[in-house]
Every structure is written in structure tokens, then in C-alpha cells.
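FYI, the numbering for the sequence shown is 83 to 137, going by my numbering.
Glycine included, each C-beta is placed from N, C-alpha and C at the ideal position.
Please read all numbers here as calculations on a predicted model, not as lab measurements.
Okay, so here's the structure we're looking at.
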Amino acid sequence: MTDHHPTHHRDARQRRVIVIGAGMAGLATALRLHRDGWDVLVVERARLAAAAATW
């Protein structure tokens with residue numbers, strides 16, 4: 083598959099992101115960013131991540 087998005091090569095220390103909210107969308111986003119090489123910090127107000135999620 084060809085990636086049509088430009089790739090910016092930066093020092094790994096500069097690839098930091100904070101994901102606010104550890105719901106299903108926040109955790110999925112954090113996982114994707116981590117797999118893409120980002121240093122991810124997830125911040126959640128509740129005691130449990132994805133506490134409102136149901137299966």
C-alpha cells in the first residue's frame with residue numbers, strides 16, 4: 083500500500099503526544115500513535131480506563 087501522507091522525520095524525543103480521555107476512542111488512538119512510533123501519554127479523569135465501554 084502506498085502512503086500518500088508526507089512523512090516528517092524528527093528526532094524521536096520530539097514525537098510526543100498527549101491523548102486526553104481513556105475511553106475506547108482515546109485508547110485506540112493512543113495505540114495507533116504508539117505503533118507509529120510516538121511517545122504517548124494518556125490522561126484520564128476517571129479511575130478506570132474505558133469504564134463506560136460495553137461489549
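**OP:** Assign arginine 98 to one of three DSSP states: helix, strand, or coil.
**Re:** Strand at arginine 98.
Original post:
If you draw a straight line from the C-alpha of aspartate 141 to the C-alpha of alanine 112, how long is it?
Top reply: Missing from the structure shown is residue 141; the chain here goes from 83 to 137 and no further.
Original post:
Name the DSSP beta bridge partners of aspartate 118, please?
Top reply: DSSP output for aspartate 118 lists no bridge partner at all.
Subject >> Distance, isoleucine 100 Cα to arginine 114 Cα >> reply: Using only the alpha carbons, I get a separation of about 13 Å.
Original post:
Leaving out the 5 sequence neighbours to the left and right, which residues in its chain are closer than 6 Å to histidine 116 when beta-carbon positions are compared?
Top reply: When the five nearest sequence neighbours on each side are left out, the beta carbons in the same chain lying within less than 6 Å of the beta carbon of histidine 116 are those of Val122, in order along the chain.
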